[in-house]
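Each remark here refers to the structure printed beneath this line.
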Amino acid sequence: MTNENFQVYPLIDKKKRGERLTNKEIKWFIQSYTDGKLPDYQMSAMLMAMFIKGMDVSETAYLTDAMLESGKQLKFPGKNVIDKHSTGGIGDKASFVLAPIASAAGVKVPMIAGRGLGHTGGTVDKVEAIKGFSTALDLDTFSQKLNKEGLVLIGQTPEIAPADRLIYALRDVTATIDSIPLITASIMSKKLAEGANGIVFDIKCGTGAFMRTPKDARNLGKSLIATSKRFKKKAVALITDMNQPLGNTVGHSHEIIESIETLKGNGPKDLTDISIALAAHMIHIAGVEKTFEKAHKKALEMVSSGKALEEFRKLIKSQDGDDRVIDDYSILPLASAETQVLAPKTGFIKMFQNEQIGLLLIELGGGRKTKADLIDHSVGFTFHKKIGDKVKKGEPIFTIHHHPHQQPIVEKIKAQFVKEVLTMSSTKVKAPKLIIEKLS
1 MTNENFQVYP
11 LIDKKKRGER
21 LTNKEIKWFI
31 QSYTDGKLPD
41 YQMSAMLMAM
51 FIKGMDVSET
61 AYLTDAMLES
71 GKQLKFPGKN
81 VIDKHSTGGI
91 GDKASFVLAP
101 IASAAGVKVP
111 MIAGRGLGHT
121 GGTVDKVEAI
131 KGFSTALDLD
141 TFSQKLNKEG
151 LVLIGQTPEI
161 APADRLIYAL
171 RDVTATIDSI
181 PLITASIMSK
191 KLAEGANGIV
201 FDIKCGTGAF
211 MRTPKDARNL
221 GKSLIATSKR
231 FKKKAVALIT
241 DMNQPLGNTV
251 GHSHEIIESI
261 ETLKGNGPKD
271 LTDISIALAA
281 HMIHIAGVEK
291 TFEKAHKKAL
301 EMVSSGKALE
311 EFRKLIKSQD
321 GDDRVIDDYS
331 ILPLASAETQ
341 VLAPKTGFIK
351 MFQNEQIGLL
361 LIELGGGRKT
371 KADLIDHSVG
381 FTFHKKIGDK
391 VKKGEPIFTI
401 HHHPHQQPIV
411 EKIKAQFVKE
421 VLTMSSTKVK
431 APKLIIEKLS
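Take 1 as the starting number for the sequence shown in the UniProt record's numbering and just add one per residue.
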């Protein structure tokens, strides 16, 4: 704890007026909250002030440092310890595909992942659909598994950036998510603390992302890369499309199935392509291959040879999960009822309000409205059409996987989807570009 003794109200008021906070002020505020000396409502007020008034480069750096220094920091030898971070989206299960690919290729992948945030799903929530899978490992076990096995996936621990863990939960329920300084500090405090020597960022852009425009995504990418550079870490950022679900499924168990199918070589093209690209960048900056082209070829080989699939099986077994799920999906919790949502007319899929798809999943029980909510891993959606696809009236656009007693909610989702989520065109529509831009 710093020796400074600031007053809470004046600091919130200062930021509310758009004034710049000093390093000592930010560090005191963050440490006081982490130590339990400030209530949630005062931290929420500060977050909203930071969100509305913004933070400059120096303030963002101070916030990152304060959150990083709130807990332990790991270090690993060698340059092949590389992690990936996605800013989150609808149906984004790429971590379950790319991490085994990179690990099979010789990259050590220390994944400290998050839970759902706002309308987006969380990696930890999804993997917990696998019976027995433990994400609650202590840091000693985390380090041992990484050194021995090369791939480990845990949730954020009390020791790693505890300030971020507390603030993350508040941001989720106070509409303070889509702020570049707050996102930067949140991501980097965790990634720096976990000991990665390089990071590949997947910055989602579109109606299902926190960054709605390429400009905002680019600004976040630059902020993340600048912070990585300040700590002498290698970094690459891909700006990728999130105007529709990634892959065909949304919902925890269903996304695990789709991830396994992708590792078997049977995945949808968009999920396969983005997973291969991100894994290839990890392989490249780890120094396993000298060029990106060779790294890309290596990533493809890890899938076609079955090595990546076996790496995922090894990960599940290592963390006490039921690895029979690789061959038997019935082990996963899966809702028993299905309802199709049909095209209201003939035409082309022009747009999805992708954020709304995430919110509809929450209504079905597949996400949280409050911090204390439990997630139903068994419910979800399977999409049969993508932007640019032609559909005939009455043709299924997606299927709702639900419980029989949820029929009233399902009817509401069907009506809301047609009215508020789906936009159709009578003329041909161009499919969006999956990887928009690369920053390094």
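We put the beta carbon where it would ideally sit given N, CA and C, even for glycine.
Residue environment for V57: exposed (fewer than 16 other C-beta atoms within 10 angstroms of its C-beta). Remark: C-beta atoms of G265 and E258 do not approach each other more closely than 9 Å. In this structure, the beta-carbon distance from N197 to K290 does not fall below 9 Å. When DSSP reads this structure, A237 sits in a beta bridge with F201 and L439.
Taken in chain order, the complete alpha helix (DSSP H) segments of 4 residues or longer contained in the region 99 to 159 are 123 to 127 and 139 to 149. With contacts defined as CB atoms closer than 9 Å, F51 and T213 fail to qualify as a contacting pair. A straight line joining the alpha-carbon of H402 with that of G367 spans about 14 Å. In this structure the region 317 to 326 does not lie against the region 237 to 244, because fewer than three pairs of beta carbons, one per stretch, are closer than 8 Å. For A299, the closest C-alpha among the options L439, M282 and V152 is that of M282. H85: member of the beta strand (DSSP E) spanning I82 to S86, first to last residue. Taken through DSSP and simplified to helix, strand or coil, V421 comes out as helix.
Between the alpha carbons of T262 and H254 lies a distance of about 12 Å. Between M211 and I199, the CB-CB gap reaches or exceeds 9 Å. Annotated three-state conformation of G380 is strand, per DSSP. In this structure, the alpha-carbon of S378 lies about 7 Å from that of H252. Taking the C-beta atoms as reference points, I326 is found no nearer than 9 Å to E363. Inter-segment contact for the region 155 to 164 and the region 59 to 77 is present: three or more beta-carbon pairs are separated by less than 8 Å. Note that the region 133 to 146 does not touch the region 4 to 16; fewer than 3 beta-carbon pairs, one per stretch, sit closer than 8 Å. For K392 and L359, the gap between their C-alpha atoms comes out near 26 Å. By the criterion of a C-beta distance shorter than 8 Å, E338 is surrounded in its chain by T399, I400, H401 and H402, once the five residues flanking it on both sides are discounted. Following the DSSP letters along the chain, one finds F6 in no beta strand (DSSP E), marked with neither H nor E. Straight across, the Cα-Cα distance linking S426 with E420 is about 18 Å.
Taking 4 residues as the shortest admissible run, the region 242 to 293 contains the following complete alpha helix (DSSP H) segments, listed from N- to C-terminal end: 252 to 263 and 269 to 285.
If you check the CB distance, G54 and S179 come in under 9 Å. Counted as a single uninterrupted DSSP element, the beta strand (DSSP E) harbouring I400 occupies residues P396 to H402. Between D65 and I112, the CB-CB gap reaches or exceeds 9 Å.
Within the region 304 to 383, the complete beta strand (DSSP E) segments of 3 residues or longer fall at 337 to 342, 347 to 352 and 380 to 383, listed in chain order.
Judged by their CB atoms, L278 and A94 are nearer to each other than the 9 Å cut-off. The alpha-carbon of L146 is positioned some 22 Å away from that of S228. With a cutoff of 9 Å on beta-carbon distance, I167 and Y33 are scored as near each other. Nearest in C-alpha terms to K75, of all of E4, L315 and F231, is F231. Spatial neighbours of H296 in its own chain (CB-CB distance under 6 Å, excluding positions within 5 residues in sequence) are listed in chain order as A280. Put simply, of S336, V250 and R313 the residue whose alpha carbon is nearest the alpha carbon of D328 is R313.
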